[in-house]
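Protein chains in written order, with the numbering used here: chain A, 1 to 157; chain B, 1001 to 1661. Quick reminder that beta carbons are idealized off the backbone N, C-alpha and C, glycines included. Worksheet: one structure, shown below.
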Amino acid sequence: MRRRTRRLVMIGSAGATLALAAVLILTALSQKITYFYGPSDLLAAAAPPVGAVRLGGLVEEGSVVRGQGLTVQFSVTDGVASVPVRFDGSLPDLFRERQGVVTEGVYGGDGIFQAHEVLAKHDETYMPREVVEALQRSGEWRGPDPSDPAADEDRAE
Amino acid sequence: MIPELGHFALVLAFALALVQVLASFAGVSTKNDRLANMAAPAALAQFICVGTAFVVLTISFLSSDFSLNLVADNSHTAKPWLYKLSGVWGNHEGSMLLWVLILAGFGAMVAYGTRSLPQDLKNRALCVQGLVGLVFLAFVLFTSNPFLRLDPAPFEGLGLNPVLQDPALAFHPPLLYVGYVGLSVAFAFAVAALWRGEVNAAWARFVRPWILLSWSALTIGIALGSWWAYYELGWGGWWFWDPVENASLMPWFVATALLHSAIVTERREGLKAWTVFLAMTAFAFSLLGTFLVRSGVLTSVHAFANDPARGVFILAILAVTVGGSFALFAWRAPLLKSDAIFAPISRESALLFNNLLLTVCAATVLIGTLYPLVLEAITGEIISVGPPYFNSTVLPLAIPLLLAVPFGPLLAWKRGDMRGVTQRLMLVAFITIGVMILTFVLTRSSPGFAFLGIGLGTWMVLGSAKDLIDRVKLARLPFATSLRRAAGLPRAAYGTGLAHAGLGIMIIGISGAGSLHDDHVAVLAAGQSLNLGGYELQLDTTGLYEGPNYYSEYGDFTVSQNNRVVDQLRAERRIYPAEGQATTEVGMHATLWGDFYVILGEEQDNGSGWAVTAAIHPLVRWIWFGALFMCFGGLLSMSDSRFRIGAPRGAKARQTGNTAS
């Protein structure tokens, strides 16, 4: 092979790889990301979001029904609106009422959020920042602005 | 008094770093050797000073000196000594001090541990290394000083986050930092080479052991983090594509690419500019990782704005390092001419293919990690980019790379014979197909593509073994001759084989644990049991006990298989009153073929029992065994004799060691 042909083969294969990568990235960024909703946002949405989304807020006081078999039910609230959540599995160690929580799952037509993952932090004073922002949007936030860089989230799936 | 000594030592280290930079820079520019040679003793003195500061901080932690703000915030008298020790780097200030300590240690090693290094290159590298040290010492002193006092001193500390109180995690940050900071040496050599305007085979030989060291440390550091997540966080996951994990994975990808491109520079004097570019990029990624983890930007763009001093400082370091070094690169790289000709089928092209895919993988992870931050800053929309994104982008890029692994070492330099290599791999291919069919039959009850991944891993393990077998001509020569040949093989050949096979083992583990795992949740009262994957799990008793700095609710379980008891397990929920936190301690029955994993959940309100989660993670331990192999392979390559002998190798030596890499 001549030097020019060799160079063309090299540049061609590099270009092809980059093009493939670009296609993969763009497809994934348009389809494989998860949007975050606060309870008010979720209820205000014109149509229920398709696929998995994250819902975050406070665990509403008195809403937790557990210890009845393996399904846990609770409501996520931002002080204005509240969305019932159902979750099958063990909750994170620090899941408490009036604590911040982020759940990931599907919001069905029946008005119940079926979670497949619940995230809460290993710290009693922690509040997920999406929750803080959702609370601030709904005007219900009454705390200092939290910032905790070492946010190890505790999850249950 | 003692903490002030540490503080003073740190200030002294800063001054010494300044001397190191100025003396070597002035000396090199004015060709004044006596001035330039001051760099080495300054580097050693700087290391001694930072070492003193680190020892002082360690003593303060071990003796629970709560008059230090940092100790009061992060330690507790009831904590076991190991976690008092790891508490030194289990927080921002201490971990940055460790960062600087490792940096200074490497500086001292460059100064005194490499005798064959040309004095001029050494002084220039030490100048760059000193500059990095200077900047980070300034960062520690001005934004993250670990020696700040509290008055009055509290009687008791606040404790260390209980999930961090774990042996694996105690050594995870130091190893990761050795990896990150080791790349600073490659960076210093790259900048020094641009400064001199010369890169040659000898340069690559000086840099490669450093790349190998940091790569090995990074590999095992990442693996330890994953191992910790697996058993400590209590939900059996081992990789989450979490931004903090990605921050360490990106430098790993680039370091792996650098490791391979430096081989081409060493053997064929090719890819010179590219190798230098990668060395700078790899360090830029470790700085980016430090920035992402340390600035709080990952928690929120807004959290970052709340405490901007540290974040802005690291961002400035990042911008200056990246901007400055890449500007230098743009200016000087045309001097680095490579005259190696690349035939499409050759060892060097295979290595180039590896580099292409690895850098694209790093870029993919980078985009996925930064996209949510950028989107939030621009539109305010909050999204998360998680496993679905990374799995659907990185996997398609990784698969061709992994398939190609066995071909690389078998291809000859300059002009490879693809047909011959394919023939040599025929047997390996047949065995691999056999293994795939067997796996498919054994796992047909569970959906997924485990058999493909396990086949891929088998292909890599056997392919790596095949290279070594061919090189000692096993079964083709008398056994004693083969043995002699095996003893004569360069360590680097074994290193390559081990590392590639280790990657294969890891792929097998990832495939098994990733697509064959199974779990089952049930409410169990004492005496009741559940069945999963041929195991029977019985809850025997539950109870309470008190540990050194926690109290625990526990459940004792019996695991049996075919009515034979195979293991007794205890799963716990620990509450740490000092920190007000809880952790899950899982029970594990571990075998080579998989783990049986038990998590104790909550007690039912009506007293009917406890929620118990049982899970099976097939082959999961292969992930970390693979990482151990890779790390060991890297260290073995690093110890190859040619890196210690500075003189260029003769033609004969080059021939026999030709296929080593």
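Per the coordinates, the alpha-carbon of B/Asp1518 lies some 6 Å from the alpha-carbon of B/Ala1615. For B/Val1521, the nearest beta carbon of chain A is closer than 7 Å to its own beta carbon.
Excluding sequence positions up to five before and after B/His1172, its CB lies within less than 8 Å of the CB of Gly1221, Leu1224, Gly1225 and Trp1228, all in the same chain and listed in chain order.
At least 7 Å separates the beta-carbon of B/Pro1003 from that of B/Phe1139. Between B/Gln1046 and B/Ala1072, the beta carbon gap of about 29 Å keeps them out of contact (Cβ cut-off 8 Å).
Inclusion of B/Phe1014 and B/Leu1175 in the CB contact set at 7 Å is not warranted, their separation being larger than that value.
Per DSSP, the beta-bridge partners of B/Tyr1554 are B/Gly1543 and B/Glu1572. A distance of 7 Å or more separates the beta carbons of B/Gly1609 and B/Ala1475.
For A/Ser82, the uninterrupted beta strand (DSSP E) segment begins and ends at Ser82 to Asp88. Neighbours of A/Arg66 in chain B, taken as residues at a C-beta separation under 8 Å, are given in chain order as Glu1602 and Asp1605. Separation of B/Asp1151 and B/Leu1068 (C-alpha to C-alpha, rounded to the nearest whole angstrom) is 9 Å.
Our two residues, B/Val1612 and B/Ala1450, have alpha carbons roughly 27 Å apart in a direct line. At a cut-off of 7 Å between beta-carbon atoms, B/Tyr1389 makes contact with chain A.
B/Asn1531 and B/Ala1217 have their C-alpha atoms spaced approximately 40 Å apart. Per DSSP, the unbroken alpha helix (DSSP H) holding B/Gly1051 starts and ends at Ala1039 to Leu1062. B/Pro1173 is outside the set of residues whose beta carbon lies under 7 Å from a beta carbon in chain A.
By the 16-neighbour rule on beta-carbons within 10 angstroms, B/Ala1627 is buried. Contacts with chain A at 7 Å (Cβ-Cβ) include B/Ser1392. Any Cβ of chain A closer than 7 Å to the Cβ of B/Val1322 would place that residue at the interface, and such an atom is absent.
Contact check for B/Gly1601 against A/Ser63 fails: the beta carbons are separated by 7 Å or more.
In the three-state DSSP reduction, A/Gln114 falls in the strand class (E or B). The CB of B/Phe1342 comes closer than 7 Å to the CB of Arg6 and Met10 in chain A, given here in chain order. For B/Arg1471, the three-state secondary structure derived from DSSP is helix. Contact check between the stretch 1490-1506 of chain B and the stretch 1460-1471 of chain B: three or more CB pairs, one atom from each, fall below 8 Å, which counts as touching. Against A/Leu18, the close residues of chain B are Val1360, in the order they occur along the chain (beta-carbon pairs closer than 8 Å). The beta carbons of B/Ala1153 and B/Phe1066 sit about 5 Å from each other, so the pair counts as a contact at 8 Å. Classified as exposed, B/Leu1592 has fewer than 16 neighbouring CB atoms from the shown chains inside 10 Å of its CB. Listed in chain order, the non-local C-beta contacts of B/His1260 below 7 Å within the same chain comprise Leu1351, Asn1354 and Asn1355, local neighbours out to five positions each way being set aside. Within the stretch 1195-1237 of chain B, the complete alpha helix (DSSP H) runs of at least 4 residues fall at 1201-1232. Those residues of the stretch 31-55 of chain A placed with their C-beta closer than 7 Å to a C-beta in chain B are Lys32, Ile33, Thr34, Tyr35, Phe36 and Arg54, ordered along the chain. A residue is called buried once 16 or more other Cβ atoms fall within 10 Å of its Cβ, and B/Asn1246 is buried on that count. Think of a sphere of 8 Å around the beta carbon of A/Ala21: the chain B residues whose beta carbon falls inside it are Val1360, Ala1363, Thr1364, Thr1393 and Leu1397, in chain order.
Counting only Cβ-Cβ distances below 8 Å, A/Ala14 has contacts in chain B at Leu1356, in chain order.
About 6 Å separates the beta carbons of A/Val106 and A/Ala52, which is inside the 8 Å limit, making them a contact pair. Straight through space, the alpha carbons of A/Pro92 and B/Pro1162 are spaced by roughly 15 Å. Taking 7 Å as the CB threshold, A/Leu24 lines the interface with chain B.
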